[in-house]
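>
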Amino acid sequence: MTSLYEPPENFSQKAKEEGLVDLKGTVFKPPTLKAGHKEKPQTTSTQSASCNPTPSKHSTRHSNSITNKSSTTKDINEERKQERADQVEERLVRDVSCVVDQAQPTDKDKLKLARKLTQKISQNIEAVIGKGDEKLSDRPSSTEGAAYKKEIAEFLEKAIPWLDGSLEHTLEKHMYPRISALLTAVSKMIEHEPADDDGNSIDWYRPILPHGKTDTKPKYSDNANRIDVGLVDCPTDVTITAPSTSNYRTLFIIIEAKRTSSKADTEEAYAQLFGYVRHLYACQPDRRFVWGLICCGSMANACIFTNYRAYASPNMDVTTPGGREEFVRLLVGWSLCDLRQLGHDETISSNFKLNCLEIKVPTSNSKSKHKTYYSNNMVVSADRLFSSHNRCFAATDTKPEKRISDDNPMIYNVVIKDTWAMFNNEQAPSKEKASTDYDNDGNDDQSSLPVGTAPWPSTGFEPARSARCEVTILKKIRKTFGSIHMKGRYPEVVVGGCVYQPSSPNNMPDCTREVIGGLDLEQQLTSPFCLHVRYAMSPVGEPLETVRSVRELLIVLRDVMKCHFEIFTRCKILHRDISNNNILLVRDGNDDVHGLLIDFDCAIDSSLVGSNRRPERTGTLPFMSVANLENLPFERTMLDDWESLLYLVCWLGSYGINDTVPRRDDACKLPIRDWSVGQNVDKIADTKRYHLSTDANFSNFIIDKFNTAQPGYNLLQAVVEELHWTLFFNETIDRNENCRGSQKYRLKASSKYALIGGFRGMGISRNQIPSEDIDPFVERTKYAKEISEQLLEVLEKYVEEAKKTN
1 MTSLYEPPEN FSQKAKEEGL VDLKGTVFKP PTLKAGHKEK PQTTSTQSAS CNPTPSKHST
61 RHSNSITNKS STTKDINEER KQERADQVEE RLVRDVSCVV DQAQPTDKDK LKLARKLTQK
121 ISQNIEAVIG KGDEKLSDRP SSTEGAAYKK EIAEFLEKAI PWLDGSLEHT LEKHMYPRIS
181 ALLTAVSKMI EHEPADDDGN SIDWYRPILP HGKTDTKPKY SDNANRIDVG LVDCPTDVTI
241 TAPSTSNYRT LFIIIEAKRT SSKADTEEAY AQLFGYVRHL YACQPDRRFV WGLICCGSMA
301 NACIFTNYRA YASPNMDVTT PGGREEFVRL LVGWSLCDLR QLGHDETISS NFKLNCLEIK
361 VPTSNSKSKH KTYYSNNMVV SADRLFSSHN RCFAATDTKP EKRISDDNPM IYNVVIKDTW
421 AMFNNEQAPS KEKASTDYDN DGNDDQSSLP VGTAPWPSTG FEPARSARCE VTILKKIRKT
481 FGSIHMKGRY PEVVVGGCVY QPSSPNNMPD CTREVIGGLD LEQQLTSPFC LHVRYAMSPV
541 GEPLETVRSV RELLIVLRDV MKCHFEIFTR CKILHRDISN NNILLVRDGN DDVHGLLIDF
601 DCAIDSSLVG SNRRPERTGT LPFMSVANLE NLPFERTMLD DWESLLYLVC WLGSYGINDT
661 VPRRDDACKL PIRDWSVGQN VDKIADTKRY HLSTDANFSN FIIDKFNTAQ PGYNLLQAVV
721 EELHWTLFFN ETIDRNENCR GSQKYRLKAS SKYALIGGFR GMGISRNQIP SEDIDPFVER
781 TKYAKEISEQ LLEVLEKYVE EAKKTN
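Numbering (full-length UniProt numbering), first residue to last: 1 to 806.
(1) Going by other Cβ atoms of all chains shown within 10 Å of its Cβ, with 16 needed for buried, is serine 430 buried or exposed?
(2) Should proline 662 go down as buried or exposed, given a rule of 16 or more other Cβ atoms within 10 Å for buried?
(3) For the structure I just gave you, are there three or more beta carbon pairs, one from the region 526-534 and one from the region 564-579, closer than 8 angstroms?
(4) Tell me alanine 185's beta-bridge partners as DSSP assigns them.
(5) Who are lysine 417's beta bridge partners in DSSP?
(6) Under the three-state reduction of DSSP, which class applies to leucine 113: helix, strand or coil?
(7) Between the region 123-132 and the region 549-560, can you find at least three pairs of beta-carbon atoms closer than 8 angstroms?
(8) Measure the C-alpha to C-alpha separation of threonine 320 and lysine 213 and round it to an integer number of angstroms.
(9) Helix, strand or coil for tryptophan 291, going by three-state DSSP, please let me know.
(10) List the endpoints of the continuous beta strand (DSSP E) containing threonine 372.
(11) Considering only DSSP beta bridges, list what glutamate 90 is partnered with.
(12) How far does the beta strand (DSSP E) with glutamate 193 in it reach, from first residue to last?
(13) Just mark leucine 755 as buried or exposed, buried being the case when its beta carbon has 16 or more other beta carbons within 10 Å.
(14) Whole-angstrom Cβ separation of tryptophan 420 and serine 381, contact assumed at under 8 angstroms?
(15) Judging by CA-CA distance, which residue of Glu326, Leu231, Asp640 is the nearest neighbour of alanine 627?
(16) Should lysine 402 go down as buried or exposed, given a rule of 16 or more other Cβ atoms within 10 Å for buried?
(17) Counting along the chain, where does the alpha helix (DSSP H) carrying cysteine 650 start and finish?
(18) Should alanine 709 go down as buried or exposed, given a rule of 16 or more other Cβ atoms within 10 Å for buried?
(19) Between the region 366-383 and the region 392-402, do three or more beta carbon pairs fall short of 8 angstroms?
(20) Confirm, please, whether the CB-CB distance from alanine 312 to valine 560 is below 8 angstroms.
(21) Whole angstroms is fine: what's the gap from cysteine 739's alpha carbon to asparagine 351's?
(22) Whose C-beta lies closer than 7 angstroms to the C-beta of isoleucine 411 among residues of the same chain, with five residues either side of it excluded?
(23) Identify the continuous beta strand (DSSP E) that holds methionine 299 and give its terminal residues.
(24) Output the distance between the C-alpha atoms of serine 122 and serine 97, rounded to the nearest integer angstrom.
(25) Can you tell which of Glu157, Ile255, Ser699, Thr347 has its C-alpha closest to the C-alpha of residue 850?
(26) Mark lysine 258 as exposed unless 16 or more other C-beta atoms lie within 10 angstroms of its C-beta, in which case mark it buried.
(27) With 16 as the cutoff for other CB atoms within 10 Å, does histidine 370 come out buried or exposed?
(28) Straight-line CA distance for lysine 572 to arginine 226?
(29) Looking only at its own chain, which residues have a Cβ that is under 7 angstroms from the Cβ of phenylalanine 698, when we skip the five neighbours before and after it?
(30) From the DSSP output, in three-state form, read off histidine 575 for me.
(31) Given a threshold of 16 other Cβ atoms within 10 Å of its Cβ, counted over all protein chains shown, does glycine 130 qualify as buried or as exposed?
(32) Among all the DSSP beta bridges, which residues are the ones paired with leucine 596?
(33) If you measure between the beta carbons of isoleucine 208 and glycine 230, is that distance less than 8 angstroms?
(34) With respect to the beta strand (DSSP E) encompassing isoleucine 208, which residues constitute its N-terminal and C-terminal limits?
(35) Where threonine 805 and threonine 660 are concerned, what is the direct C-alpha to C-alpha distance, given to the nearest angstrom?
(36) Are there 16 or more other CB atoms within 10 angstroms of the CB of tyrosine 745, so buried, or fewer, so exposed?
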């Protein structure tokens, strides 16, 4: 078994021996002495994990995700390029003056030291580049003062072409070593400058260093893109040398450089940075937020990426003393601030001795109460740039007695879910209402809360009642069902609450204010306020893609939809996000399987007042119902989720139920591909309406294109054929002809006149009766329960059929 937590190069023997480290590799110290970091554990994800009210595009996920099986590498790259450009336009908030402030230490003594170091280092820089009268410091802590001054001068001399603006007429790649030289010089000056008037050295700081190689592709990427400069926050007990290799598990910040500060170059720099940051979120399980940096010509901008927005600092013009000093202030802040201020989670650590993570899960919404769990398997990663950044870890509450390996595997008993849930602002809606898709991908992802209604809550809010996450939903289901009914078919919460960062000076849960609390009122209204929550649930399931046969698949789907039906009819809770990511299988000791329905983040409790309002878009794009895609103004029902299930089975039939099914040569030419690739949501809705409109269309475009290399594909064809007929052409509801089919049509006045007997005796003429638009999707909602029961019978029937033929 390859270790997921092997220390990187130069990691000290002391840290290896003591074992317990933060995820970047430094032995734990008191909160005021948070040290540098270390190798991130490997992401073993199965790849699940703007205020624009009418999104027209979706977010691409990891290139290996099931929803990307219909795409070529070229398709994915083109979509991502367009996606990045759109995100820069819609999600980037510019000229935010507090960005650099967020990197400054919160401890008063450290803040005082940071200011002193910033001033002294800036004076040293001005002396070397000839922009000032100050001399380079004569009092380094080392006895080799002359060698130190010479080394710093050499680094700064190398950086001068960037600092004086002369690089704008050369190749972009010539900027990389210049930027790296300045970063290295500042880090070395932080180490050597005296911390006080007595000449004492700094007893602790975090070196921020560039990788030795620039213009390189980091390891653990799912594409071939190369970053310009990568920075790491290094352990403090090793010699300060630039790391020789780059990988997304250990990178702290990525710098994107462009030759000029033109608008075109600046926009392109931001777009490329957005793409790189997505990888950092996906590869690092402890990333709460991410810093970024662009250097365009002589202009530098620092960025903070939160769940739904990126905030960029004003320009730091490095050709001016003021711009250089602000840039130095940023670097000094990163070197002295607490670990949480760099975006890392202080409640997740790596135990090298045991080869696993240690994760603190809150036992209540209190800062001091938590329970430690152990995990070596992140089963869902945060693989989207702007989202609630859901991560899931298979874990156990039993501390391993010896190192986890193939010979000593970890036995999981819970799944830990780590997510950023939106603050439940109960104030009246504003003009910009609930149907807001912050992910801009057709997936609302908890975004039904009003935007712009009020500033963020004060520090005195109640976290127990403030987060919109699935815990409340799951607890209601458990209370309604009791301990036996549907047990193991839905998650049960074991423990959980709001996460608190130990080094935070405020008695406040981890939230957006902890990430970027200096925003003014207008800037706060650009993004929802989120709370960091974490909870452990059981049972532990496996991804749907691990089914071994069509028989197992049908059993899992039957169990999940039966549970779905019971939850709605008994609890009035509608799931609203049926997809491959939210359906798991559980194997018992006899290797039998049953289904597990997870992820109730998008669920609504229809029994609550106001829940019947116009719903927001939810779901995973290829599996979204037509009503969701078109954002139709009527209440969602169980039929929307059944429609999603039909699409999911069609997708699996076309591309294979698991990875053992050979990829077909025409995978990127199938008609079903138009449910996802290169289309806006309105076009996808039109395509689905057409494919579903008749039995012949459904067969020609979907059923007949199933992958014949899939064992049992003919049984899947029979299942989807009957599900389609039951859902869209149900004979038991022929009493209402308007329910049939999937295409809208206009009921002419003459037809209405005939239906109602011509309004004889009422003095109403045919010309006075308006025509009416009929949508079968709307009409069928009246029979949702009846149709759902019949759809369940279809699954039951084919489960029995599969058992006979297996």
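Using N, Cα and C, we set each Cβ at its ideal position, and we do this for glycine too.
The short version:
(1) At serine 430 the pLDDT is 37, less than 50, meaning the model places this residue with poor confidence and gives no usable figure here.
(2) exposed
(3) no
(4) Bridge partners of alanine 185: none, in fact.
(5) Cys392, Tyr535
(6) helix
(7) no
(8) 28 angstroms
(9) strand
(10) 370-380
(11) None; glutamate 90 has no bridge partner.
(12) Looking at the DSSP string, glutamate 193 is not in any beta strand (DSSP E), and its letter there is neither H nor E.
(13) The pLDDT assigned to leucine 755 is 49, lower than 50, so where the model puts this residue is not dependable, and the model offers no usable value.
(14) Rounded, the Cβ-Cβ distance is 14 angstroms, inconsistent with contact.
(15) Asp640
(16) exposed
(17) 638-655
(18) exposed
(19) yes
(20) no
(21) 59 angstroms
(22) Thr396
(23) 299-305
(24) 20 angstroms
(25) No information on residue 850 is available, as it lies outside the stretch 1 to 806 that the chain covers here.
(26) buried
(27) buried
(28) 50 angstroms
(29) His691, Leu692, His724
(30) coil
(31) exposed
(32) Leu584
(33) no
(34) 208-210
(35) 20 angstroms
(36) exposed
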